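Structure first, then comments.
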Amino acid sequence: AQSVTQPDIHITVSEGASLELRCNYSYGATPYLFWYVQSPGQGLQLLLKYFSGDTLVQGIKGFEAEFKRSQSSFNLRKPSVHWSDAAEYFCAVGANNAGNMLTFGGGTRLMVKP
Amino acid sequence: NAGVTQTPKFQVLKTGQSMTLQCAQDMNHNSMYWYRQDPGMGLRLIYYSASEGTTDKGEVPNGYNVSRLNKREFSLRLESAAPSQTSVYFCASSEGPFGRNEQFFGPGTRLTVL
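Which chain is which? The protein sequence lines are A and B, in order.
The first sequence begins at 1 in this note's numbering and counts up one residue at a time.
The second sequence begins at 1 in this note's numbering and counts up one residue at a time.
Laid out in structure tokens, this is it:
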């Protein structure tokens with residue numbers, strides 16, 4: 001069975017600073033990887049996904065993530081954080097056969113200082 | 001397109017009461033899911049329906065039942081609510097049941113069991 005670890009429960013960055021959120025996964029084959037964002041009181045919105053091909057994927061709102069197979073990681077990055085990026089971020093892994101649904105990490109709450 | 005809608009948004013129950021959470025999607029998706037979200041634990045799958053007419057248990061099904069009423073609607077029932085079921089419940093849908101399919105989430109139902 002797959003698993004996802006997000007080592008940082010909380011992260012605080014200053015507005016305009018760069019951001020990296022860590023995600024490590026465990027899965028026997030090539031995984032499908034996702035990053036979702038959840039604003040307060042809202043549902044989850046997909047930021048980006050990786051299935052295959054180029055290991056650097058671009059998403060919405062200026063986010064990108066890099067798949068590193070050797071490190072079993074899929075870290076999310078943004079070069080310059082905006083106050084509106086304050087939210088909770090979830091990394092998820094999906095298996096490639098029916099019956100194995102998305103497995104989510106515990107989430108990282110991002111706070112942005114003015 | 002409303003996407004995925006959930007009712008109610010908030011609910012308070014007493015221990016032992018029953019209730020049904022409703023979910024509907026207008027994207028003609030085949031697969032639907034119910035998750036619960038608890039602090040620090042990400043989202044955990046309760047039940048899913050890979051296609052109309054089928055339902056299967058997820059990671060945490062105890063204390064819940066589901067009904068896939070038709071292709072659009074997927075309800076979650078708590079027969080005898082317990083305080084441990086206090087959580088935020090999210091419904092999601094996707095085109096297919098595989099891990100590669102993006103899941104679209106509803107806004108959530110915040111349930112408190114006293």
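Built from N, CA and C at the ideal position, the CB exists for glycine as well.
As the structure is a computational prediction, the values presented were derived from the model and not from experiment.
Got a sec? Which residues, its chain only, sit under 6 Å from residue i by beta carbon, not counting five neighbours each side?
i: Asn101 of chain B; result: Ser94, Glu95
i: Ser80 of chain A; result: Gly16
i: Arg77 of chain A; result: Glu20, Glu64
Anything in chain B within Cβ reach of residue i, meaning under 8 Å, just list it in chain order.
i: Lys49 of chain A; result: Glu102
i: Phe90 of chain A; result: Gly42, Leu43
For residue i, report the span of its beta strand (DSSP E) as first-last.
i: Asn28 of chain B; result: Asn28 of chain B -> no beta strand (DSSP E), and no H or E assigned at all.
i: Ile9 of chain A; result: Neither: Ile9 of chain A is in no beta strand (DSSP E) and is coded neither H nor E.
i: Ala92 of chain B; result: 87 to 94
i: Asn75 of chain A; result: 73 to 78
i: Gln38 of chain A; result: 32 to 38
i: Cys23 of chain A; result: No beta strand (DSSP E) holds Cys23 of chain A; DSSP gives it neither H nor E.
i: Arg44 of chain B; result: 43 to 49
i: Val12 of chain B; result: 10 to 13
i: Gly94 of chain A; result: 87 to 94
i: Ala65 of chain A; result: 64 to 68
Going along chain B, which residues have a C-beta under 7 Å from residue i?
i: Leu42 of chain A; result: For the sequence presented, residue 42 of chain A should be read as Gln rather than Leu. Within 7 Å Cβ-Cβ: Pro107.
Considering Cα atoms alone, identify which of the options is closest to residue i.
i: Ile11 of chain A; options: A:Tyr89, A:Phe34, A:Gly28; result: A:Tyr89
i: Met19 of chain B; options: B:Val66, B:Phe105, B:Ala50; result: B:Val66
i: Val12 of chain B; options: B:Thr86, B:Pro97, B:Glu59; result: B:Thr86
i: Ala82 of chain B; options: B:Glu59, B:Val113, B:Cys91, B:Gln25; result: B:Val113
i: Ile60 of chain A; options: A:Leu48, A:Gly107, A:Gly53; result: A:Leu48
i: Gln6 of chain B; options: B:Gln103, B:Phe104, B:Cys91; result: B:Cys91
i: Pro8 of chain B; options: B:Arg77, B:Gln103, B:Phe104, B:Gly99; result: B:Arg77
i: Phe51 of chain A; options: A:Gly94, A:Lys78, A:Gln38, A:Met101; result: A:Gly94
Give the interface partners of residue i over in chain A, defined as CB-CB distance under 8 Å, in chain order.
i: Tyr48 of chain B; result: Met101
i: Met41 of chain B; result: Gly106
i: Gly58 of chain B; result: Met101
Should residue i be labelled buried (16 or more other beta-carbon atoms within 10 Å of its own) or exposed?
i: Met32 of chain B; result: buried
i: Phe74 of chain B; result: buried
i: Arg68 of chain B; result: buried
Grab me the residues of residue i's own chain with a C-beta within less than 7 Å of its C-beta, minus the 5 sequence neighbours each way, in chain order.
i: Leu56 of chain A; result: Glu64, Glu66
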